[in-house]
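Inspection log for the structure reproduced underneath, given as structure tokens.
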Amino acid sequence: MSRDGATDPPARLDDVSIDTPRPWLASYAPGVPHDIDEPTGSLVDLVEQSARRFPKRVALEFFGRTTTYAELEDQVLRAANGLRKAGVTAGDRVAIVLPNCPQHVVAFYAVLRLGAIVVEHNPLYTPRELRHQFEDHGAKVAIVWDKSVATVQDFPADVALDTIVSVDLTRAMPRSTRLALSLPVAKSRESRAKLTAKVRGTTPWDDLVGNRKLAKRHPRPATDDVALVQYTSGTTGTPKGAVLSHGNLLANAAQARAWVPQIRQGDNVVYAVLPMFHAYGLTLCLTFAMSMASRLVLFPAFDPALVLKAMRKHPPTFLPAVPPIYARLQHAADSAKVSLEGIEIGISGAMPLSQDVVEPWEARTGGYLVEGYGLSECSPVLMANPVSPERRLGSIGLPLSSTEARVADPDDATTVLGTDEPGELQVRGPQVFRGYWGKAEATDEVFTADGWFRTGDIVAIDADGYVRIVDRLKELIITGGFNVSPSEVEDTLMRHPSVREVAVVGITQAGNEQVVAAVVPKDPATFDADALRTWSREHLTPYKVPRRIVVVDDLPRSMIGKVLRRKVRDQITGGS
């Protein structure tokens, strides 16, 4: 066990060379290299290099207020010094519990500059959900949205934090917006209450960035140092933190740059409509965008009206999102008569992308909308369709530059299958993680003896190298781009006094998986499904709350008594 809490990287993963067939290389779009250069330096270099080349270029935009790359670098160094004074040292975990905002970007790079480790969290998590993750990673310093401060302050003594830095989102907004929010009228009070809250016993963010800049001589992180612990939903419902190094994340940012050679550094706009606490949003907005000296337009939550308002001034060159966001944005643009023309590239992930979304999007924008695929353990992007006429609907695309992929028998991970044969997807590449935080056994379970990461997804790879998902070994539900562990939801619902047994499954409707619970009630005559859903909202993040609760007499089980979720799904859908 290394000091970073993860299993030491196995010797079998050292100096892995590209030694397997890669039929997909012939399908790459023009200008995309087969391989990327080996990453050097650290993630801190991304902001510093962009600040050197484009100091006056706008780095961040938030409700119209802008921050240049020179100003961003200055704030990172001041915040880093503030964290140093709070006792943060190399290897410490620092929790970030923030929506998308300028302070989030600054905090991310300030933590990394000290050689400390970022741990991202969803600020809308319930106290129970957040506490489990804090118990696992053990951070003693957290940078928290003031709306979430009370949740963190209520942790039990054994998880209590030494320092909480509170962030008021409105402080990053234009002065005119802040004045409007302070007006003594009901609408202003309501809007302000959604954005900020009064807190006590914290260090205000403004105090942190009010420090002098960190000394240049302060030690810098190395390429192999841990940069991030990214939590991923496991099939058991217990938190598993994927340990990602600076090298992992640098490689994935470089792979993303290589995939879109048509985007010009220092002359592009990226919209952060995906949450940056999510692996997908983190890489494409926090690392890729900074490495491209992009104008990163930040949205604390996806709001079509706010996105369209921003588009009137600076439309995005690159828009990473999930299918429901593209669909809602199209509808809003049509209603408001706003043109989407000029959005060159949309990269969709986390769930299947349908023709009903792609065709109208590409017609309105004149650009491409392609599907990709990734996992938190892989920084996260592994595959994407070529940004060219050769993209294929229904496929998750081709392995990225410097990425190896193979299909193996799920029951014998060493038996490699052939073209178009469905089996478990296994991958190797510079973006693949080193292991789970503090979970050596779980790490060993997902790596083969010869160093391949087992994704748990059943796929087939055709003769041209395009990959198609057939099924999932893991029973995660992907709803709106977020992973939901059925076991976690089941464990929560079982705590309600009216529930005898429960099984949670994902049911696909209109292209999106919904969380559905099959419940065996203790007393069918008095059972109230609506009351159970209301209760579950107090204990689960909104996207984990079952959209439907179906009452059943019994749950189908295997011969050893294990609930068979596939049969539960068939029971609910009638086998369709």
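First residue of the sequence shown: 1, per full-length UniProt numbering; consecutive thereafter. Where is the CB? At the ideal position from N, CA and C, for every residue including glycine.
query: Are there 16 or more other CB atoms within 10 angstroms of the CB of D136, so buried, or fewer, so exposed?; result: buried
query: Tell me, to the nearest whole angstrom, how far the beta carbon of V97 is from that of P123; I am working on the premise that it is less than 8 Å.; result: 5 Å
query: Looking at the strands, I want to know which residues DSSP matches up with D412.; result: D409
query: Give the straight-line distance between the Cα atoms of V322 and L375, rounded to the nearest whole angstrom.; result: 15 Å
query: Going straight from the alpha carbon of R217 to that of D225, what length do you get?; result: 18 Å
query: In whole angstroms, what separates the C-alpha of A253 from that of Y280?; result: 11 Å
query: Going by DSSP, what residues sit across from V243 in a beta bridge?; result: V229 and G435
query: To the nearest angstrom, how far is it from the Cα of M276 to the Cα of C285?; result: 7 Å
query: Do the stretch 62-81 and the stretch 414-430 touch if we need at least three Cβ pairs shorter than 8 Å?; result: no
query: Do you know how far the Cα of G31 is from the Cα of L298?; result: 30 Å
query: By how many angstroms is the C-alpha of L60 removed from the C-alpha of N211?; result: 21 Å
query: Report yes or no: do three or more beta-carbon pairs, one from the stretch 90-107 and one from the stretch 132-150, lie closer than 8 Å?; result: yes
query: At which residues does the beta strand (DSSP E) containing residue 578 begin and terminate?; result: In the structure displayed, the chain extends from 1 to 576; residue 578 sits before or after that span and is not available.
query: Given that a residue counts as buried once 16 or more other Cβ atoms are within 10 Å of its Cβ, and exposed if not, what is E341?; result: exposed
query: Our contact map puts T202 next to V149 with C-beta atoms below 8 Å; I'd like the distance itself, whole angstroms only.; result: 6 Å
query: Please say whether A251 and P39 have beta carbons closer to each other than 8 Å?; result: yes
query: Quick one: what does DSSP say R557 is sitting in, helix, strand or coil?; result: strand
query: Between P380 and T526, is the Cβ-Cβ spacing less than 8 Å?; result: no
query: Between A70, W259, A51 and G241, which has its C-alpha nearest G397's C-alpha?; result: W259
query: Could you pull out every residue in the same chain whose Cβ sits closer than 6 Å to the Cβ of M405, ignoring the five residues on either side in sequence?; result: According to the sequence displayed, residue 405 carries Ala and not Met. Cβ within range, chain order: P399 and V427.
query: Tell me the rounded alpha-carbon separation between H246 and D528.; result: 50 Å
query: Report the partner residues of V47 according to the DSSP bridge assignment.; result: None, per the DSSP bridge assignment.
query: Do you know offhand how far L43's Cα is from S536's?; result: 39 Å
query: Taking the C-alpha atoms as reference points, what is the distance between I347 and L319?; result: 7 Å
query: Out of V105, E120, L228 and D523, state which residue places its alpha-carbon closest to the alpha-carbon of A172.; result: V105
query: Under the three-state reduction of DSSP, which class applies to residue 619: helix, strand or coil?; result: An answer regarding residue 619 cannot be provided, because it is not within the stretch 1 to 576 covered by the chain.
query: Look at the Cβ atom of R391, then the Cβ atom of Y373, and state whether they are nearer than 8 Å.; result: no
query: Which two residues bound the contiguous alpha helix (DSSP H) that contains W205?; result: W205 to L208
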